[in-house]
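Participant:
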Amino acid sequence: MPPEYKLELVCPAGSLPALKVAVDNGADCVYLGFRDDTNARNFTGLNFDAANARAGVEYAHEKGAKVFLALNTYPKSHGWERWTKAIDQAADNGMDAIILADPGLMQYAMRTHPQLHLHLSVQGSATNYEAINFYHEYFGIRRAVLPRVLSFAQVEELAAGTPVELELFGFGGLCVMVEGRCSLSSYVTGESPNNCGVCSPPKAVRWQKTAQGLESRLNGVLIDRYADDENTGYPTLCKGRFEVEGETYYAMEEPTSLNTMELLPELLRIKVRGLKIEGRQRSPAYVGQVTRVWREAIDQCMKNPGGFSVKPAWTVELGKVSEGQQHTLGAYHRPWK
Amino acid sequence: MKLSLGPILYYWTQEKLQEFYVEIAAAPVDIVYLGETVCSRRHIMRLPDWLEIAKMLAAAGKTVVLSTLTLIESESDLKSLRKIAENSDFMVEANDMGAVHRLAGRMPFIAGPYLNIYNQQTLQLIASLGAKRWVMPVEMSLEGLQPLQQSRPAGLETEVFSYGRLPLAFSSRCFTARFHNLPKDDCRFLCIDDPDGKTMRTREGKPFLVINGTQTQSALMYNLLGDLDTLRNAGVDVLRISPQAEHSAEIIRQFRDCIEQRTSPEIAMQQMESVMPEAACNGYWHGRPGMEQMFLASAVQHE
Numbered sequence: 365m366p367p368e369y370k371l372e373l374v375c376p377a378g379s380l381p382a383l384k385v386a387v388d389n390g391a392d393c394v395y396l397g398f399r400d401d402t403n404a405r406n407f408t409g410l411n412f413d414a415a416n417a418r419a420g421v422e423y424a425h426e427k428g429a430k431v432f433l434a435l436n437t438y439p440k441s442h443g444w445e446r447w448t449k450a451i452d453q454a455a456d457n458g459m460d461a462i463i464l465a466d467p468g469l470m471q472y473a474m475r476t477h478p479q480l481h482l483h484l485s486v487q488g489s490a491t492n493y494e495a496i497n498f499y500h501e502y503f504g505i506r507r508a509v510l511p512r513v514l515s516f517a518q519v520e521e522l523a524a525g526t527p528v529e530l531e532l533f534g535f536g537g538l539c540v541m542v543e544g545r546c547s548l549s550s551y552v553t554g555e556s557p558n559n560c561g562v563c564s565p566p567k568a569v570r571w572q573k574t575a576q577g578l579e580s581r582l583n584g585v586l587i588d589r590y591a592d593d594e595n596t597g598y599p600t601l602c603k604g605r606f607e608v609e610g611e612t613y614y615a616m617e618e619p620t621s622l623n624t625m626e627l628l629p630e631l632l633r634i635k636v637r638g639l640k641i642e643g644r645q646r647s648p649a650y651v652g653q654v655t656r657v658w659r660e661a662i663d664q665c666m667k668n669p670g671g672f673s674v675k676p677a678w679t680v681e682l683g684k685v686s687e688g689q690q691h692t693l694g695a696y697h698r699p700w701k
Numbered sequence: 021m022k023l024s025l026g027p028i029l030y031y032w033t034q035e036k037l038q039e040f041y042v043e044i045a046a047a048p049v050d051i052v053y054l055g056e057t058v059c060s061r062r063h064i065m066r067l068p069d070w071l072e073i074a075k076m077l078a079a080a081g082k083t084v085v086l087s088t089l090t091l092i093e094s095e096s097d098l099k100s101l102r103k104i105a106e107n108s109d110f111m112v113e114a115n116d117m118g119a120v121h122r123l124a125g126r127m128p129f130i131a132g133p134y135l136n137i138y139n140q141q142t143l144q145l146i147a148s149l150g151a152k153r154w155v156m157p158v159e160m161s162l163e164g165l166q167p168l169q170q171s172r173p174a175g176l177e178t179e180v181f182s183y184g185r186l187p188l189a190f191s192s193r194c195f196t197a198r199f200h201n202l203p204k205d206d207c208r209f210l211c212i213d214d215p216d217g218k219t220m221r222t223r224e225g226k227p228f229l230v231i232n233g234t235q236t237q238s239a240l241m242y243n244l245l246g247d248l249d250t251l252r253n254a255g256v257d258v259l260r261i262s263p264q265a266e267h268s269a270e271i272i273r274q275f276r277d278c279i280e281q282r283t284s285p286e287i288a289m290q291q292m293e294s295v296m297p298e299a300a301c302n303g304y305w306h307g308r309p310g311m312e313q314m315f316l317a318s319a320v321q322h323e
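First to last, the sequence lines map onto chains A and B. Positions 365 to 701 (the working numbering) are the ones given, in order, by the first sequence. Positions 21 to 323 (the working numbering) are the ones given, in order, by the second sequence.
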């Protein structure tokens with residue numbers, strides 16, 4: 365008999381305390397990265413060393429949760445072994461899956477550790493079933509994480525064309541560009557998600573008080589300028605204000621967060637397998653709060669999809685921790701495009 | 021060393037396209053990539069129209085390659101992809117793994133710059149699937165390329181994006197429609213008014229990026245002409261020039277003259293200044309932020 369369908373809540377763990385909080389608050393899966401450029405949240409003070417990773421897997425497994433390793437940057441030829449060692453370590457630690465973007469690494473993982481489950485990272489930029497089926501056919505991937513650029517109708521169409529499980533971003537930071545297809549950060553700073561696991565890295569950020577207002581710069585490039593009464597935001601370069609033909613505005617995207625909670629019944633209907641929460645760079649307190657709210661929402665929706673509605677209290681809770689205090693359905697809602 | 025002309029990244033009128041390719045037929049370029057790679061809504065040119073231009077260019081002695089869409093989101097995008105992949109006359113440049121899936125094992129193909137080939141293992145894999153040439157990711161440096169060159173499979177050619185506004189990012193959102201306060205589904209195809217895109221400046225007036233529908237480009241012109249020696253020494257086979265609204269044939273001639281050593285890159289760079297819409301940059305090739313300009317700073321002022 366096939367196992368009963370279940371939507372898994374997949375939560376971020378930037379540290380062992382965050383992992384524990386996620387598991388304790390009802391995460392079905394947690395995902396984490398090692399402390400280097402093998403993953404797309406390569407930030408100082410974040411991520412796991414070997415001992416912490418082992419302890420994390422043990423803790424999660426004891427409580428019935430799965431652990432995924434994010435290994436989702438593209439290795440350059442120099443340092444290739446750092447990535448393959450991470451795969452070996454994931455296998456040794458008994459991780460439940462590794463999340464990969466690089467086809468060369470998938471081939472290594474498949475040949476060396478055939479028992480390891482492979483997930484296609486959002487950094488793999490697979491936005492159609494032909495692409496997903498490519499990774500399935502050649503490397504046997506079990507699950508694909510979709511870039512945050514498809515409308516819900518497109519997701520549904522895609523789901524019908526592939527046997528691979530799908531995981532969607534449900535909440536957190538919103539990339540306006542196709543993940544894996546954006547080099548804006550390296551154009552300005554030399555470091556990008558693909559090659560270094562970072563976007564708009566903190567070491568390139570400068571804040572400066574000037575007569576025109578508070579300025580945020582990324583490697584010298586003015587990303588935004590704030591009047592005294594305006595809320596400031598981290599200068600992720602696609603979320604700055606720029607001038608096009610005399611108009612100054614958020615030319616690419618406002619500082620806002622993705623929140624797809626109202627789509628939950630639809631996600632269940634098309635049997636999406638994973639609901640991913642973004643934010644390995646966020647605090648354990650954030651992870652705990654977001655996990656708790658989403659656990660409750662998913663449980664209620666699973667019980668009664670037809671009668672599901674988003675509770676105002678959930679929205680308030682999530683609003684407290686969101687970037688820019690604003691929520692959007694992003695590309696899932698077509699007019700966003 | 022061969023020269024290629026990349027696909028036109030902008031939305032041009034049919035008249036402008038026709039004129040452009042008539043001029044290109046007479047220009048000293050070896051390979052021409054054709055097709056819409058940016059936005060599936062752009063519809064002035066259908067596959068039969070592209071094939072007609074392809075035949076004209078082939079008759080003029082050019083090697084023609086059909087490029088596929090970079091962001092494939094819908095069933096109708098996949099339908100267009102299949103039609104291109106199943107054409108029997110011209111090679112295809114795959115810009116998405118879905119395209120690789122359609123082509124692998126069926127016919128030789130070109131692995132486009134958006135496939136994220138960063139290491140020799142992936143390069144070998146792509147070659148084993150039938151790639152005859154691959155285009156390096158734009159953010160890769162000479163140092164990053166060298167190990168791939170040293171171990172590349174026999175017969176596999178390497179192409180480097182060497183001139184033009186860098187295609188830096190793709191989105192499903194249309195930034196041109198956003199500028200006009202229109203939803204993408206009702207974009208009115210206004211990007212046709214911007215044959216070189218729309219410049220996005222910082223709040224202190226510096227040209228930063230260029231909006232081209234769903235694509236975001238660098239405002240500065242990536243130009244590796246001054247790096248010709250290192251490109252040649254690295255065993256690069258093909259230099260790609262990306263079309264701009266005016267003077268593409270002139271840019272091609274300058275590159276050709278340098279390759280054949282009829283002029284020096286220093287002189288050519290100076291002459292190109294007046295036909296480049298913006299200043300030059302070459303940082304990526306030097307392992308630096310892409311927007312930086314290394315060496316030859318005396319010849320081309322960076323802002």
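Virtual Cβ for every residue (Gly too), placed ideally from N, Cα, C.
Would B/F199 pass as an interface residue toward chain A - the criterion being a Cβ-Cβ separation below 7 Å?
Facilitator: Answer yes: the Cβ-Cβ gap between B/F199 and chain A drops below 7 Å somewhere.
Participant: Label B/Q48 either buried or exposed according to how many other C-beta atoms from any shown protein chain fall within 10 Å of its C-beta, with 16 as the threshold for buried.
Facilitator: In the sequence under discussion, the amino acid at residue 48 of chain B is Pro, which differs from the Gln named in the question. When all chains shown are included, B/P48 counts as exposed.
Participant: For A/K567, count neighbouring Cβ atoms within 10 angstroms of its own Cβ and tell me buried if that reaches 16, exposed if not.
Facilitator: Under this definition A/K567 is an exposed residue.
Participant: Does the beta carbon of A/Y590 sit closer than 7 Å to a beta carbon anywhere in chain B?
Facilitator: No - not a single Cβ of chain B is within 7 Å of the one on A/Y590.
Participant: Chain B beta carbons: is any one of them nearer than 7 Å to that of A/S549?
Facilitator: Taking Cβ atoms only, chain B never reaches closer than 7 Å to A/S549, which makes this a no.
Participant: Alpha carbon to alpha carbon, how far is A/Y369 from A/N668?
Facilitator: The straight-line gap from Cα to Cα measures roughly 15 Å.
Participant: With a threshold of 7 Å between beta carbons, is B/D325 in contact with chain A?
Facilitator: Outside the displayed span of chain B (21 to 323) sits residue 325 of chain B, for which this structure offers no information.
Participant: Mapping DSSP to helix, strand and coil, what is B/M289?
Facilitator: If DSSP states are grouped into helix, strand and coil, B/M289 belongs with the helices.
Participant: Given B/P285, which residues of its chain have a CB within under 6 Å of its CB, disregarding the five upstream and five downstream residues?
Facilitator: Excluding sequence neighbours, B/P285 sits near L245, G246, L248, C278.
Participant: How about B/T88 and B/L101: are their beta carbons less than 7 Å apart?
Facilitator: Contact: yes.
Participant: Given a cut-off of 7 Å on the beta-carbon distance, is the pair B/S182 and B/L240 in contact?
Facilitator: No, the pair does not count as a contact, with Cβ atoms beyond the cut-off.
Participant: Name the residue from A/G409, A/A490, A/D588, A/H477 whose alpha carbon lies nearest to the alpha carbon of A/K603.
Facilitator: Out of A/G409, A/A490, A/D588, A/H477, A/D588 has the C-alpha closest to the C-alpha of A/K603.
Participant: Determine the burial state of A/Y613: buried for a count of at least 16 other Cβ atoms within 10 Å of its Cβ, exposed for fewer.
Facilitator: A/Y613 comes out exposed.
Participant: If you follow the beta strand (DSSP E) that B/M314 is part of, which residue opens it and which one closes it?
Facilitator: Where B/M314 is concerned, there is no enclosing beta strand (DSSP E), given that its DSSP letter is neither H nor E.
Participant: B/C278 by DSSP, collapsed to three states: which one?
Facilitator: It is helical.
Participant: In the DSSP assignment, find the beta strand (DSSP E) that holds B/D50 and state where it starts and stops.
Facilitator: It is not in any beta strand (DSSP E) - B/D50 carries neither H nor E in the DSSP assignment.
Participant: Would you give the residue range spanned by the alpha helix (DSSP H) that B/Y242 belongs to?
Facilitator: Per DSSP, B/Y242 belongs to no alpha helix (DSSP H); it is in the beta strand (DSSP E), 235-243.
Participant: Whose CA, out of B/L188, B/L202, B/F199, B/K204, lies closest to the CA of A/M541?
Facilitator: Taking only the C-alpha atoms, the option nearest A/M541 is B/L188.
Participant: So, with DSSP's three-state summary, where would you put A/L643?
Facilitator: Reading off the sequence, residue 643 of chain A comes out as Gly, not Leu. Coil, per DSSP.
Participant: Let me make sure I understand the geometry here. Which of B/L29, B/I287, B/T234 has the alpha-carbon closest to that of B/E93?
Facilitator: The option with the nearest alpha carbon to B/E93 is B/T234.
Participant: With DSSP as the reference, label A/E368 as helix, strand or coil.
Facilitator: Note: A/E368 maps to coil in three-state DSSP.
Participant: Rounded to the nearest angstrom, what separates A/E445 and A/G468 at their Cα positions?
Facilitator: Roughly 12 Å separates the two Cα atoms.
Participant: Cβ closer than 9 Å: which chain A residues qualify as neighbours of B/L186?
Facilitator: Under the 9 Å cutoff, chain A gives S547, Y551.
Participant: Between the Cα of A/A677 and the Cα atoms of A/Y696, A/A695, A/R656, A/F516, which residue gives the shortest distance?
Facilitator: Looking at the Cα atoms, A/R656 is the closest of the given residues.
Participant: Please report the straight-line C-alpha distance between A/D460 and A/S485, rounded to a whole angstrom.
Facilitator: So the two alpha carbons sit approximately 15 Å from each other.
Participant: Using beta-carbon positions only, say whether A/F398 and A/N411 come within less than 7 Å of one another.
Facilitator: For A/F398 and A/N411, yes; Cβs fall inside 7 Å.
Participant: Got a sec: is the Cβ-Cβ distance from B/H63 to anything in chain A below 7 Å?
Facilitator: Answer no: the Cβ-Cβ gap between B/H63 and chain A never drops below 7 Å.
Participant: Return the chain-ordered list of same chain residues with a C-beta closer than 7 Å to the C-beta of B/H200, the five sequence neighbours on each side being excluded.
Facilitator: Cβ within range, chain order: L210.
Participant: A/M541 CB to nearest chain B CB: under 7 Å?
Facilitator: Output row for A/M541: interface = yes.
Participant: Which residues in the same chain have their Cβ closer than 6 Å to the Cβ of B/S24, if we skip the five residues on either side of it in sequence?
Facilitator: Counting only Cβ-Cβ distances below 6 Å, and skipping sequence neighbours, we find I51, V258, R260.
Participant: Would you report the Cα separation of B/W32 and A/I451, rounded to the nearest angstrom?
Facilitator: Near 47 Å, if we compare the C-alpha coordinates of A/I451 and B/W32.
Participant: Quick check: A/V346 and A/G652, are their CB atoms within less than 7 Å of each other?
Facilitator: Outside the displayed span of chain A (365 to 701) sits residue 346 of chain A, for which this structure offers no information.
Participant: Count the other CB atoms within 10 Å of the CB of A/T476; is the residue buried (16 or more) or exposed (fewer)?
Facilitator: Classification of A/T476: exposed, given that the 10 Å Cβ count is below 16.
Participant: Listing by chain order, which chain B residues have their CB less than 9 Å from the CB of A/P478?
Facilitator: Under the 9 Å cutoff, chain B gives no residues; its nearest Cβ is about 17 Å from A/P478.
Participant: Looking at C-alpha atoms only, which residue of B/F129, B/E113, B/F195 is the closest neighbour of B/G175?
Facilitator: Checked all of B/F129, B/E113, B/F195; the closest Cα to B/G175 is B/F129.
Participant: Using C-beta distances below 7 Å, list every residue in its chain close to B/F110, excluding the 5 sequence neighbours before and after it, in chain order.
Facilitator: Around B/F110: A74, V84, V85, L86.
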